[in-house]
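Colleague: The structure is given below, and queries will be raised subsequently.
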Amino acid sequence: MKIAIGSDHAGYELKKTVYAWLQEHGHEVEDMGPWSDDSVDYPDYARKVAGTVANGGHDQGVLLCGTGVGVSIAANKFKGIRAVLAFNPEIASLGRQHNNANIICFPARFTDSEAIEKSLENWFAADFEGGRHERRVAKIES
Ligand code: RB5
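In structure tokens form, the structure reads like this:
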């Protein structure tokens with residue numbers, strides 16, 4: 592898949608783990624920044640990633656900030672974006688299965704590389720289950 596990734600300064604280090612995992616697993620990854628841990632504003636990077644996923648430039652996105660809350664709030668402002676805050680690997684699966692989420696967000700200050708790798712594994716292994724969840728997701732969109 593074509594995946595866009597981004598973070599703020601708090602997520603910068605673990606973004607490298609995400610980039611490496613995605614490349615190793617055959618995805619086409621575009622890192623939309625930042626490229627240092629200098630302080631930045633998370634909405635700027637959430638906008639880049641959510642914007643390209645919303646307009647079809649990328650299939651899915653990954654965002655990180657300190658809590659994951661800021662980037663998920665910002666990303667969910669975009670029509671067609673369903674960003675899930677994956678605070679553990681099970682939430683990553685459920686975000687795909689129940690919510691058809693297209694952006695996964697991580698709380699960089701409250702997780703580690705191992706949990707992120709397991710979450711990414713779960714995320715890409717899971718499919719949207721449709722059925723009753725289809726109706727609920729449609730209500731969000733409307
Ligand atoms: C940055 O200090 C922090 O506020 C940010 O990474 C994030 O946690 C916001 O939701």
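Note that this note's numbering has the sequence shown beginning at 592, numbered continuously upward.
All C-beta atoms in this analysis are idealised placements derived from N, C-alpha and C, irrespective of residue type, glycine included.
Just to confirm my understanding: we take N667, look at its own chain, exclude 5 residues before and 5 after, and list those with CB closer than 6 Å. What are they?
Modeller: A674, listed in sequence order.
Colleague: Would you say V660 touches ligand 1, meaning its beta carbon is less than 7 Å from a heavy atom?
Modeller: Yes, since a heavy atom of ligand 1 falls inside the 7 Å radius drawn around the Cβ of V660.
Colleague: Among the residues of its own chain, which have a CB less than 8 Å from the CB of E720, if the five just before and after it don't count?
Modeller: These residues qualify, in order along the chain: Q688, H689.
Colleague: Is F697 helix, strand or coil when you go by DSSP?
Modeller: In this structure, F697 counts as strand in the three-state DSSP scheme.
Colleague: For I594, does the count of other Cβ atoms within 10 angstroms reach 16, so buried, or fall short, so exposed?
Modeller: Buried.
Colleague: So I695 and A641 are in contact, right, with Cβ under 8 Å, and what is the actual spacing, rounded?
Modeller: Contact doesn't hold; Cβ gap of about 12 Å is too wide.
Colleague: For I596, count neighbouring Cβ atoms within 10 angstroms of its own Cβ and tell me buried if that reaches 16, exposed if not.
Modeller: Buried: at least 16 other Cβ atoms inside 10 Å.
Colleague: Within the present structure, is the beta-carbon of A601 separated from the nearest heavy atom of ligand 1 by less than 7 Å?
Modeller: Yes, ligand 1 has a heavy atom inside 7 Å of this Cβ.
Colleague: Compute the distance between the beta-carbons of N646 and P680, then report whether it is under 8 Å.
Modeller: Cβ atoms of N646 and P680: not closer than 8 Å.
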